[in-house]
């Protein structure tokens with residue numbers, strides 16, 4: 003039994019390794035060559051375009067749930083609207099460059115495109131609801147420079163904007179293969195082990211019976227994914243193994259959005275910074291829109 007679990011874990015590790023390495027490299031390049039000031043200037047206005055930009059820009063950025071919160075709150079405290087801030091906080095952890103490439107390698111390109119489209123749609127629609135229903139209080143746009151740097155330490159910091167090419171290349175590899183690995187390594191190992199356990203021990207017939215078509219599998223994935231911190235990259239092997247056993251693709255899609263984008267810590271941080279109404283809208287919108295968009299993609303015949 004243990005040998006079979008380890009054998010499947012090794013199989014998933016071999017399948018995922020090339021995509022992970024490419025993802026780590028691209029994450030490092032984003033860190034080294036895109037300064038945080040550019041992101042802040044691009045998303046910092048209080049208009050619909052900023053919501054759209056936040057939904058797009060957040061997709062490839064290499065930040066999981068814990069990392070996106072100080073960055074997102076930093077945007078808000080520097081003058082960004084609640085709408086664009088929520089869109090950014092949702093889109094960014096739901097789809098990182100490493101998870102996108104891992105989905106491509108382990109599940110397939112159609113599922114990868116569906117996941118990107120769902121994450122973008124959930125972020126944009128949540129931002130639009132916030133734009134309509136949440137009021138932005140008058141506040142001074144801009145923090146003391148020291149606080150901005152502290153909030154963004156480790157993420158495209160302003161002090162790194164003018165470095166030479168040699169330093170940028172060094173940062174690319176240090177951030178991509180050391181810092182990102184340090185952030186997600188444990189979750190990735192856990193995800194691979196869970197994938198091995200599921201592949202070795204979970205009967206295919208049982209998965210198809212209880213996690214096949216219908217609303218129940220999506221509800222189960224929401225119950226599992228909403229309260230916990232789930233790394234987007236680490237969740238991919240877990241979802242891939244369940245999909246291979248017969249879980250409905252729409253349920254896997256919902257899990258890969260809701261899991262990384264929501265957790266109790268995120269709810270509490272948003273509630274404190276932007277109010278309980280914003281936090282409730284954040285949770286409810288992610289759950290509802292992920293189900294609606296994933297179901298629409300499924301009914302349209304894409305998955």
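Residue numbers (this note's numbering): 3 to 305.
Note that CB positions come from ideal geometry on N, CA and C, so glycine has one too.
DSSP state of residue i mapped onto helix, strand, coil
i: residue 290; result: helix
i: residue 15; result: helix
i: residue 279; result: helix
i: residue 78; result: helix
i: residue 44; result: helix
i: residue 65; result: coil
i: residue 88; result: helix
i: residue 304; result: coil
i: residue 264; result: coil
i: residue 296; result: helix
i: residue 5; result: helix
i: residue 22; result: helix
i: residue 83; result: coil
i: residue 146; result: Below a pLDDT of 50, predicted positions are generally treated as unreliable, and residue 146, at 40, falls in that range; no measurement from the model is reported.
i: residue 250; result: coil
i: residue 10; result: helix
Length of the line joining the Cα atoms of residue i and residue j
i: residue 103; j: residue 22; result: 7 Å
i: residue 85; j: residue 289; result: 17 Å
i: residue 239; j: residue 14; result: 7 Å
i: residue 138; j: residue 271; result: 17 Å
i: residue 59; j: residue 92; result: 11 Å
i: residue 78; j: residue 260; result: 22 Å
i: residue 74; j: residue 3; result: 45 Å
i: residue 253; j: residue 181; result: 31 Å
i: residue 300; j: residue 198; result: 27 Å
i: residue 189; j: residue 233; result: 6 Å
i: residue 128; j: residue 47; result: 17 Å
i: residue 217; j: residue 115; result: 22 Å
i: residue 170; j: residue 247; result: 43 Å
i: residue 72; j: residue 214; result: 38 Å
i: residue 241; j: residue 51; result: 33 Å
i: residue 273; j: residue 83; result: 15 Å
i: residue 192; j: residue 136; result: 38 Å
i: residue 57; j: residue 94; result: 8 Å
i: residue 101; j: residue 28; result: 12 Å
i: residue 173; j: residue 30; result: 7 Å
i: residue 200; j: residue 16; result: 17 Å
i: residue 298; j: residue 251; result: 12 Å
i: residue 258; j: residue 296; result: 11 Å
Limits of the unbroken alpha helix (DSSP H) element including residue i
i: residue 176; result: 167-176
i: residue 238; result: 234-246
i: residue 203; result: 182-203
i: residue 55; result: 50-59
i: residue 209; result: 206-213
i: residue 135; result: 111-135
i: residue 101; result: 99-108
i: residue 223; result: 217-227
Where residue i falls, given that 16 or more other Cβ within 10 Å makes a residue buried
i: residue 5; result: exposed
i: residue 63; result: buried
i: residue 212; result: exposed
i: residue 219; result: buried
i: residue 33; result: buried
i: residue 292; result: buried
i: residue 133; result: buried
i: residue 256; result: buried
i: residue 203; result: exposed
i: residue 143; result: Legend: pLDDT at residue 143 = 45, less than 50; position of this residue unreliable, value from coordinates given subsequently. Result: exposed.
i: residue 207; result: exposed
i: residue 304; result: exposed
i: residue 209; result: buried
i: residue 70; result: buried
i: residue 49; result: exposed
i: residue 10; result: buried
i: residue 302; result: exposed
i: residue 25; result: buried
i: residue 108; result: buried
i: residue 8; result: exposed
i: residue 1; result: Any answer about residue 1 is impossible in this case: the structure gives the chain only from 3 up to 305.
i: residue 230; result: exposed
Any non-hydrogen atom of the ligand ZN closer than 8 Å to residue i Cβ
i: residue 265; result: By its list of ligands, the structure shown contains no ligand whatsoever, and the ligand ZN lies outside what it can speak to.
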